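**Q** The structure's right below; bear with me while I get my questions together.
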Amino acid sequence: MTECLFRAPPCCPVGSELHCHSQLFIRLHMHPRSITVLPPGPVTSLYQDIGDILQQIMTITDQSLDEAQARKHALNCHRMKPALFNVLCEIKEKTVLSIRGAQEEEPPDPQLMRLDNMLLAEGVAGPEKGGGSAAAAAAAAATGGIGADNSAEHSDYRAKLSQIRQIYHTELEKYEQACNEFTTHVMNLLREQSRTRPISPKEIERMVGIIHRKFSSIQMQLKQSTCEAVMILRSRFLDARRKRRNFNKQATEILNEYFYSHLSNPYPSEEAKEELAKKCGITVSQVSNWFGNKRIRYKKNISKFQEEANMYAARTAVNATSVSAHGSQANSPSTPNSAGSAGSFNMSNSGDLFMSVQSLNGDSYQGGQVGANIQSQVDTLRHVISQTGGYSDSLAASQMYSPQGINTNGGWQDAPTPSSVTSPTEGPGSVHSDTSN
DNA sequence: CACAATGATTGCTG
DNA sequence: CAGCAATCATTGTG
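Taking this note's numbering, the leading residue of the first sequence gets 22, the next gets one more, and so forth.
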């Protein structure tokens with residue numbers, strides 16, 4: 022902390038006090054303002070004199086307070102003090118300049134910035150938010166945060182986060198207080214010392230800077246450990262999310278209904294996903310997950326899903342007919358079960374039904390929204406037909422149930438419609454028509 | 001406890 | 001970025 026300027030002039034070999042002294046001596050002679058105050062006398066006595074003064078200054082910090090005070094006073098009154106002080110100032114200036122050049126203008130630490138940003142984003146730093154932190158809200162949004170079963174976890178998370186926040190702030194406050202106290206102390210000390218040794222305000226400033234840097238590095242450690250704590254808390258929270266819970270039966274049914282009634286193109290649009298999510302009480306991404314899983318698992322083992330497919334197909338077909346029987350023409354774009362043109366189906370007669378499907382398929386490519394509804398109705402009815410034995414015996418079950426659009430390469434999208442089996446007249450465009458929703 | 005079912009995640013692709 | 005495929009991890013069931 023205490024810089025011994027006598028040891029540091031860049032022109033001198035390190036620790037060469039003799040060099041310093043002799044240099045001082047020469048410079049005292051050369052110094053324009055010093056010349057007048059130089060007393061007459063033998064050079065050796067002058068040298069001795071200066072040497073004594075320097076020795077006193079150098080050892081002043083080792084002395085007891087009272088002793089030092091007396092010495093300081095004596096030094097201040099010394100006849101050579103002003104001259105010596107000037108020279109020391111000059112040397113000091115040079116030293117300081119060289120030091121300053123080396124370590125000025127460090128860029129803001131990117132690590133610190135990262136930590137700050139994270140703490141801010143997590144709601145640990147920055148202004149306190151009423152009720153809950155931004156992070157908790159964000160986390161809640163990320164998990165979909167529906168229902169009451171998550172709220173316990175959320176409040177737990179919030180509580181822990183605010184605990185971290187509190188600790189962080191108290192520690193930060195402590196550090197700041199300590200830093201201020203220490204800075205003030207050092208500044209006073211330096212001001213006091215500046216009377217006996219050359220210390221410019223800039224130097225004090227620099228010292229303050231050094232102290233602040235030291236303290237901010239401690240602060241950074243605090244921030245780092247706070248970040249770690251938040252990360253641990255977060256990961257625990259997210260792990261809790263990973264503890265999946267099966268969707269309730271109703272949600273699964275809704276999803277399955279949609280899936281099997283859109284078997285030709287089981288890719289719900291964004292709006293449809295949103296509506297399904299709302300209906301099921303899950304998030305849109307959960308809907309996406311579900312459809313992704315369902316598609317892949319259905320495709321992998323179609324036969325395994327036959328029964329399920331038939332069940333849902335039958336159910337939705339019944340729904341559709343009952344809806345139309347009531348004369349309802351209101352078609353929601355995301356409720357495909359309400360296919361408007363299915364009105365005249367006689368479900369008790371599979372033969373008629375088959376014919377109806379044929380004609381429906383024939384109509385379907387005439388385009389537009391009607392086609393979309395019809396297509397989903399066709400999807401549904403195909404299963405009903407297969408279940409009720411509507412197809413001739415010559416058709417294998419796997420063909421009957423095989424989803425339209427699935428080819429051997431997998432995927433619904435590129436698959437040719439198996440029109441030769443189920444809908445000979447089905448035209449292009451009808452398969453994908455419900456994506457227009 | 002083994003196994004199947006199932007929701008979520010990850011890596012890759014177009 | 002949506003979707004696929006593989007995989008992980010948990011839950012449900014016999």
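By construction, the Cβ of each residue, glycine as well, lies at the ideal position given by its N, Cα and C atoms.
Please read all numbers here as calculations on a predicted model, not as lab measurements.
Please report how far the alpha carbon of GLN331 lies from the alpha carbon of SER290, in whole angstroms.
**A** Contrary to the premise, residue 331 reads as Asn rather than Gln in this sequence. Their Cα atoms are separated by approximately 24 Å.
**Q** Can you tell me which of the three DSSP states SER237 falls into?
**A** If DSSP states are grouped into helix, strand and coil, SER237 belongs with the helices.
**Q** Going by other Cβ atoms of all chains shown within 10 Å of its Cβ, with 16 needed for buried, is LYS235 buried or exposed?
**A** The residue is exposed, with fewer than 16 neighbouring Cβ atoms inside 10 Å.
**Q** For GLU296, is the classification buried or exposed, using 16 other Cβ atoms within 10 angstroms of its Cβ as the cut-off for buried?
**A** Under this definition GLU296 is a buried residue.
**Q** For GLN198, does the count of other Cβ atoms within 10 angstroms reach 16, so buried, or fall short, so exposed?
**A** It is exposed - the Cβ of GLN198 has fewer than 16 other Cβ atoms within 10 Å.
**Q** Taking its Cβ as the centre, do 16 or more other Cβ atoms sit within 10 Å of THR82, making it buried, or is it exposed?
**A** Under this definition THR82 is an exposed residue.
**Q** In this structure, how does DSSP classify GLN84 when only helix, strand and coil are distinguished?
**A** Of the three classes helix, strand and coil, the one that applies to GLN84 here is coil, per DSSP.
**Q** Can you tell me whether CYS301 is buried or exposed? The criterion is at least 16 other CB atoms within 10 Å of its CB, across all chains shown.
**A** Looking at its Cβ environment, which holds 16 or more other Cβ atoms inside 10 Å, CYS301 is buried.
**Q** Could you check whether VAL251 and SER232 sit closer than 8 Å to each other, using their CB atoms as the reference points?
**A** It is worth fixing the name first, because residue 232 is Ile in this sequence and not Ser. Not closer than 8 Å, so no.
**Q** Using the three-state DSSP reduction, which class does ILE323 fall into: helix, strand or coil?
**A** Of the three classes helix, strand and coil, the one that applies to ILE323 here is coil, per DSSP.
**Q** Under three-state DSSP, which class holds PRO222?
**A** If DSSP states are grouped into helix, strand and coil, PRO222 belongs with the helices.
**Q** Just reading off the alpha helix (DSSP H) that ARG135 is part of, what are its end residues?
**A** 131 to 142 is the span of the alpha helix (DSSP H), which, as asked, contains ARG135.
**Q** Is the region 96 to 113 touching the region 126 to 143, taking contact as three or more C-beta pairs under 8 Å?
**A** Not touching, per the Cβ criterion.
**Q** If I measure Cβ to Cβ from VAL405 and keep anything under 6 Å in the same chain, skipping five residues before and after, which residues do I get?
**A** Confidence is the limiting factor: at VAL405 the pLDDT is only 48, short of 50, which leaves the residue's position unreliable and the question unanswerable from this model.
**Q** Return the CA-CA distance between GLU224 and THR217, expressed in angstroms with no decimal places.
**A** Each residue's Cα considered, the two are about 15 Å apart.
**Q** Leaving out five residues before and five after LEU243 in sequence, what residues of the same chain have Cβ atoms less than 8 Å from its Cβ?
**A** Same-chain partners within the cutoff: TYR189, GLU192, LEU193 and TYR196.
**Q** What residue range does the alpha helix (DSSP H) around ASN277 cover?
**A** Counting along the chain, the alpha helix (DSSP H) containing ASN277 begins and ends at 270 to 282.
**Q** Below 6 Å CB to CB, which residues in the same chain sit around TYR281 once its five sequence neighbours on both sides are set aside?
**A** Here the set comprises ALA330, TYR333 and ALA334.
**Q** Using the beta-carbon count (16 or more within 10 Å), is THR273 buried or exposed?
**A** It counts as exposed.
**Q** What do you get for CYS248, buried or exposed, if any count of 16 or more other CB atoms within 10 angstroms of its CB means buried?
**A** Buried.
**Q** State the DSSP-derived secondary structure class of ALA158, mapped to helix, strand or coil.
**A** Its pLDDT being 44, under 50, ALA158 is placed unreliably in this model, and the coordinates cannot settle the point.
**Q** So, under 8 Å CB-CB, GLY144 and LEU182 are touching, yes? Tell me the CB distance rounded to an integer number of Å.
**A** Confirmed, Cβ separation roughly 7 Å.
**Q** Considering only the alpha carbon of each residue, which of SER85, GLU88, GLU202 and ALA95 lies closest to ASP73?
**A** ASP73 has its Cα closest to that of ALA95, out of SER85, GLU88, GLU202 and ALA95.
**Q** Ordered along the chain, which non-local residues of its own chain (more than five positions away) have a Cβ less than 8 Å from that of ALA180?
**A** No residues qualify anywhere along the chain.
**Q** What do you get for THR205, buried or exposed, if any count of 16 or more other CB atoms within 10 angstroms of its CB means buried?
**A** The residue in question, THR205, is exposed, as its Cβ has fewer than 16 Cβ neighbours within 10 Å.
**Q** What's the gap between the Cα of LYS115 and the Cα of ILE239?
**A** Approximately 31 Å, taken between the alpha carbons.
**Q** Considering only the alpha carbon of each residue, which of GLU278, SER285 and GLU328 lies closest to TRP311?
**A** Of GLU278, SER285 and GLU328, the residue nearest in Cα terms is GLU278.
**Q** Which of helix, strand or coil does DSSP assign to THR205?
**A** It is helical.
**Q** Could you tell me the alpha carbon to alpha carbon distance between GLU226 and ARG212, rounded to whole angstroms?
**A** Answer to the nearest angstrom: the Cα atoms are 11 Å apart.
**Q** Note down, in chain order, each residue of its chain lying with its Cβ closer than 7 Å to the Cβ of LEU5, except the 5 sequence neighbours on either side.
**A** Because residue 5 is not part of the residues shown, which for the chain are 22 to 458, the question remains open.
**Q** Start and end of the alpha helix (DSSP H) containing ALA298?
**A** ALA298 -> alpha helix (DSSP H) spans 291 to 301.
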